[in-house]
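Below you'll find the structure, written out as structure tokens, and then a few comments.
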Amino acid sequence: MKIAYSGIEGAFAYIAAKRIFPNDELVAFSDFHSAYKAVEKDECDYAVLPIENSYAGDVGQVTDLMFQGELFVNGVYTLKVVQNLLGVKGATLQTIQKVVSHPQALEQCADFLREHNYEKVEAVNTARAAKHVAQDNDPTVAAIASEETAALYGLQVLARGINEQEDNSTRFVVLSKNQNQKVCNDSGTFIMMFAVKNEAGALVKVLNRLGEFGYNMVAIHSRPLKSHAWEYYFYIEVEGNSTQKDFEQMIHEIQYRCDKLKIFR
Numbered sequence: 175m176k177i178a179y180s181g182i183e184g185a186f187a188y189i190a191a192k193r194i195f196p197n198d199e200l201v202a203f204s205d206f207h208s209a210y211k212a213v214e215k216d217e218c219d220y221a222v223l224p225i226e227n228s229y230a231g232d233v234g235q236v237t238d239l240m241f242q243g244e245l246f247v248n249g250v251y252t253l254k255v256v257q258n259l260l261g262v263k264g265a266t267l268q269t270i271q272k273v274v275s276h277p278q279a280l281e282q283c284a285d286f287l288r289e290h291n292y293e294k295v296e297a298v299n300t301a302r303a304a305k306h307v308a309q310d311n312d313p314t315v316a317a318i319a320s321e322e323t324a325a326l327y328g329l330q331v332l333a334r335g336i337n338e339q340e341d342n343s344t345r346f347v348v349l350s351k352n353q354n355q356k357v358c359n360d361s362g363t364f365i366m367m368f369a370v371k372n373e374a375g376a377l378v379k380v381l382n383r384l385g386e387f388g389y390n391m392v393a394i395h396s397r398p399l400k401s402h403a404w405e406y407y408f409y410i411e412v413e414g415n416s417t418q419k420d421f422e423q424m425i426h427e428i429q430y431r432c433d434k435l436k437i438f439r
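Heads up: the sequence shown begins at 175 in the working numbering, then just goes up one per residue.
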């Protein structure tokens, strides 16, 4: 099988995809949209895309694709994010002057960088930063990335676990054209995405019905509808069993309040 992901070899999406599909071919794409569309066009079998980071929040581009597209969620995988300082052979904490990485990684490690008075340089992602450091072979420049990335590009780990938030993690969704075909699921939740009708209290009524049927909402995000200015759709994660007998009744009652409703379970 072919598995689409966004980034290059060594990126956190690559690591997540490799752990979910250890024996399959991983195909890199330059952005989320291209990876998603590759599955819609049958160029790949699955896509592994980030949906939320515990530090930075939701990944709006991916939720937009899920709401507008045709793919189903076949699993949710949580990857613990440990940021490390990587350098070329001969580099030390004392020789480093500049640190290159994704803006979020730089922010997550701000205290460490400030303590050592390192100059920050932004990159597209952590893996590209590591590849750049390896290619330039400059002992004054380091990257922030994973240990797996260090091994891929022949870098040494100068400092481990330099991110401030120890429980930093990113959740990835596994997407395909196949409905109800679980690949993995460590969340114990299902996802609902909907745009409510333009009537007073519509959102409150939807959320109230969830609670009345015994479901617990654990996350909610709003995103602008691309087709209507100043109108929004909602992404929520719900804790509970989507196979229980009253689930379909709940969906029927919620559907009445929505212009569009998508369920991923």
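Here a beta-carbon is modelled for each residue, glycine too, at the ideal position from N, C-alpha and C.
Quantities reported herein were computed from a predicted structural model and do not represent experimental measurements.
Please report the residue range of the alpha helix (DSSP H) in which S208 lies.
206 to 214
With a threshold of 8 Å on Cβ separation, who are the neighbours of Q271 within its own chain once the five nearest residues in sequence on each side are excluded?
Y292, E293, T314, V315
Closest by C-alpha distance to V222, when choosing among F408, K434, G181, K371
G181
For F387 and T417, what's the separation of their Cα atoms in angstroms?
In this structure, the alpha-carbon of F387 lies about 13 Å from that of T417.
In whole angstroms, what is the alpha-carbon distance linking T266 and A301?
One C-alpha to the other measures close to 20 Å.
Which whole-angstrom value describes the C-beta separation of R397 and I428, a residue pair presumed to lie in contact below a C-beta threshold of 8 Å?
In fact, because the Cβ distance is near 18 Å, the residues do not count as touching under 8 Å.
Excluding the five sequence neighbours on either side, which residues of its own chain have a C-beta within less than 8 Å of the C-beta of E244, listed in chain order?
E214, K351
Separation of G375 from I189, as counted between CA atoms
Rounded to the nearest angstrom, the two C-alpha atoms are 43 Å apart.
According to DSSP, is D238 helix, strand or coil?
helix
Three-state secondary structure (DSSP) of Y229:
coil
Identify whether P313 lies in helix, strand or coil by the three-state DSSP scheme.
coil
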